[in-house]
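J.: Submitted below is the structure of interest, expressed as structure tokens.
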Amino acid sequence: MANPQLLIDQLKLLVGTPDSYGTEEQRHEIKRLGRLASNVLEAPFETMQRLPLPLVAARIGQDCHVFSTLAAGQDSVDLDTISQASGLEPRILESIMDYLCNQGMAVQAESHRYLLTPMSRLLLLPLFGDAVTHFVRSHDNCLPGFTALHRALKEPRDSTLTAFQLGQHTDEDFYTWMETHPTNQAAFHRFMKAQFASLPTWLDVLDFKTELGCDAEATDVMFVDVGGGNGSQCAGLRRAWPDMTGKMILQDKPQVLERALQVEGVEKMGHDFVREQPVKNARAYYFRQIMHNYDDDVCITILKAHIGAMGNHSVILIDDKVLPDAKPPPRCARGRVHGCSQSGHEGNV
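If you want the working numbering, it's the 1-based position in the sequence shown plus 1321.
Shown next, in the form of structure tokens:
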């Protein structure tokens, strides 16, 4: 049986001294098996989310002078220096640097200080700059937006255009655009459904009946699924509490509600969640996978639109992706291993 710790120790030695590790034939076999090991260890949806982005990140690193700024530094380069060279705001740049580090295109030597890696040195060569430009091609839902991200970052700060809109040459937001692209829309919803099918849900951590259903009456609105799409969460709550007292309301755009599930006792209501919430005093206003689609200002607008509707027993439930503020220690710097690999962690709240 394989010894995981022994393998980890061997890989640390390899990362620290790659040029002196084995014969050429052995190095080729290590690379082949390393790729296979990475593929079999990661979850399928990690693979699907990983594939399109590295080339786009490489393009940003090249076009925004991130790599050249790191190369010009005598030692590690601080975030502010990279920000000045790239023209990117530090708060945006930090997220980009996190991803570049995760993909081996930079390394965080210490907090807010970064080093070049062999991969990013390679990406500074004209030949590989042309290769990145060639392979980042536009098609389907997201890749045009990924491709346009470097252009969106250079737009004037008062511009309302997103990377998606620039990439798709539209002034519509993603969800509105999908309404006229049914094939893309179907693929998106199938992917999202499959992605979350095996994960715990909010109902696994919240006993809705005990926490929010006490003393409920038939006239009470128990659950408003705001921007709830096809109503799958209403259906889940109905399964968890089949004899629920009170009402459930599913809110979304009218054209979305036309294709929603038929769930017993659920009222469908056309509503835009940036506008004042018309349903007052509900026990729960639920937002699933919504907030991460918008910047802070829009999220605040959404929440403000619901504060006035809340009663003494009302709560807002946000079920979304989260990332920790504190990053794991960097994996390596100048050939020295410093602990665990740098990777994002996400979960549901």
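We put the beta carbon where it would ideally sit given N, CA and C, even for glycine.
Just the Cα atoms here: how many angstroms apart are I1351 and L1362?
T.: For I1351 and L1362, the distance between alpha carbons rounds to 16 Å.
J.: For the putative contact between Q1424 and A1378, defined by C-beta atoms under 8 Å, what is the C-beta separation to the nearest angstrom?
T.: About 6 Å; that satisfies the 8 Å criterion.
J.: On the criterion of 16 or more Cβ atoms from any shown chain inside 10 Å, does L1696 qualify as buried, or is it exposed?
T.: Limits of the chain in this structure are 1322 at one end and 1670 at the other, which puts residue 1696 out of reach.
J.: Which of the three DSSP states, helix, strand or coil, is assigned to R1434?
T.: DSSP places R1434 in strand when its eight states are reduced to three.
J.: Given a threshold of 16 other Cβ atoms within 10 Å of its Cβ, counted over all protein chains shown, does T1468 qualify as buried or as exposed?
T.: So T1468 ends up on the buried side.
J.: When you compare only the Cα positions, how much space is there between P1339 and G1466?
T.: Taking the straight line from one Cα to the other gives about 36 Å.
J.: Could you tell me which residues DSSP puts in a beta bridge with R1609?
T.: Answer is D1640.
J.: Classify R1655 as buried or exposed, calling it buried when 16 or more other Cβ atoms lie within 10 Å of its own Cβ.
T.: Note that R1655 has pLDDT 36, beneath the 50 cutoff, so the model's placement of it is unreliable and the number below is only indicative. R1655 should be labelled exposed.
J.: Could you compute how far the alpha carbon of G1629 sits from the alpha carbon of Y1607?
T.: Each residue's Cα considered, the two are about 15 Å apart.
J.: Quick check on DSSP: helix, strand or coil for Q1405?
T.: Here Q1405 sits in helix by DSSP.
J.: Could you tell me whether any Cβ in chain D is nearer than 9 Å to the Cβ of R1559?
T.: Any reference to chain D falls outside this structure, which holds one protein chain only.
J.: Would you mind giving the Cβ-Cβ distance between T1622 and V1595, rounded to the nearest angstrom? I have them listed as a contact below 8 Å.
T.: Yes, they are in contact, since the Cβ atoms of T1622 and V1595 sit about 5 Å apart, within 8 Å.
J.: Who are the near neighbours of A1551 in its chain, counting only those whose CB is closer than 8 Å to its CB and skipping five residues on each side?
T.: Inspection of the sequence shows that residue 1551 is occupied by Asn rather than by Ala. Result list for N1551: H1510, V1577, R1580, A1581 and L1582, in chain order.
J.: Measuring CB to CB, does R1604 end up less than 9 Å from S1635?
T.: Going by C-beta atoms, R1604 is nearer than 9 Å to S1635.
J.: Check whether the region 1436 to 1451 touches the region 1401 to 1419, taking contact to mean three or more Cβ pairs, one atom from each stretch, closer than 8 Å.
T.: The region 1436 to 1451, when compared against the region 1401 to 1419, does not touch it at the 8 Å Cβ threshold.
J.: What residue range is occupied by the uninterrupted alpha helix (DSSP H) comprising E1588?
T.: Taken as a continuous stretch (DSSP letters only), E1588 belongs to no alpha helix (DSSP H), being part of the beta strand (DSSP E) at V1587 to G1591.
J.: Does DSSP put H1568 in a helix, a strand or coil?
T.: A small correction: the amino acid at residue 1568 is Lys; His does not occupy that position in the sequence shown. K1568 falls in the strand class under three-state DSSP.
J.: So V1547 is in the beta strand (DSSP E); what residue range does that whole segment cover?
T.: That run of the beta strand (DSSP E) goes V1542 to V1547.
J.: In three-state DSSP terms, what is V1600?
T.: V1600: coil per DSSP, three-state reduction.
J.: Between A1518, N1462 and S1480, which has its C-alpha nearest A1508's C-alpha?
T.: Nearest of A1518, N1462 and S1480 to A1508, Cα basis: N1462.
J.: Helix or strand or just coil, what does DSSP make of G1660?
T.: Because the pLDDT of G1660 is 32, which lies under 50, any placement of that residue in the model is unreliable, and the question is left without a value.
J.: Taking the alpha-carbon positions, what's the R1458 to M1418 distance?
T.: Note on R1458: pLDDT 43, under 50, position unreliable in the model; the coordinate value appears next. If you take the alpha carbons of R1458 and M1418, they lie about 23 Å apart.
J.: Who does Q1429 pair with in a DSSP beta bridge?
T.: Paired residue(s): Y1435.
J.: The alpha helix (DSSP H) spanning F1509 covers which residue range?
T.: F1509 -> alpha helix (DSSP H) spans P1503 to A1518.
J.: Just to confirm my understanding: we take A1323, look at its own chain, exclude 5 residues before and 5 after, and list those with CB closer than 8 Å. What are they?
T.: Taken in chain order, the list of residues that qualify is empty.
J.: Where in the region 1348 to 1398 do unbroken runs of the alpha helix (DSSP H), each at least 4 residues long, occur, reported from the N-terminal end onward?
T.: Here the runs fully enclosed are 1365 to 1371, 1374 to 1384 and 1387 to 1393.
J.: Taking A1556 as part of the alpha helix (DSSP H), name the residues at either end of that continuous run.
T.: From DSSP, the alpha helix (DSSP H) with A1556 extends over S1553 to A1561.
J.: Taking C-beta to C-beta, are K1568 and G1548 nearer than 9 Å?
T.: No, they are not a contact pair.
J.: T1402 and G1394 - do their beta-carbons sit closer together than 9 Å?
T.: Yes. Within cutoff.
J.: So if DSSP puts D1306 in a beta bridge, which residue, or which two residues, is it bridged to?
T.: As displayed, the chain neither begins before 1322 nor continues past 1670, which places residue 1306 out of reach and without an answer.
J.: Do G1591 and Q1572 have their C-beta atoms closer together than 9 Å?
T.: Cβ distance < 9 Å, so G1591 and Q1572 count as in contact.
J.: Under 9 Å, do S1432 and L1391 count as touching if we go by C-beta distance?
T.: No, Cβ-Cβ distance for S1432 and L1391 is not below 9 Å.
J.: I need the DSSP call for H1460, collapsed to helix, strand or coil.
T.: Confidence in H1460 is poor, its pLDDT being 47 and thus under 50, which makes the residue's placement too unreliable to answer from.
J.: Using only the alpha-carbon positions, how far apart do A1473 and Y1496 sit?
T.: One C-alpha to the other measures close to 19 Å.
J.: Do D1641 and M1612 have their CB atoms nearer than 9 Å?
T.: Cβ distance < 9 Å, so D1641 and M1612 count as in contact.
J.: What are the start and end residues of the alpha helix (DSSP H) that includes W1523?
T.: No alpha helix (DSSP H) holds W1523; DSSP gives it neither H nor E.
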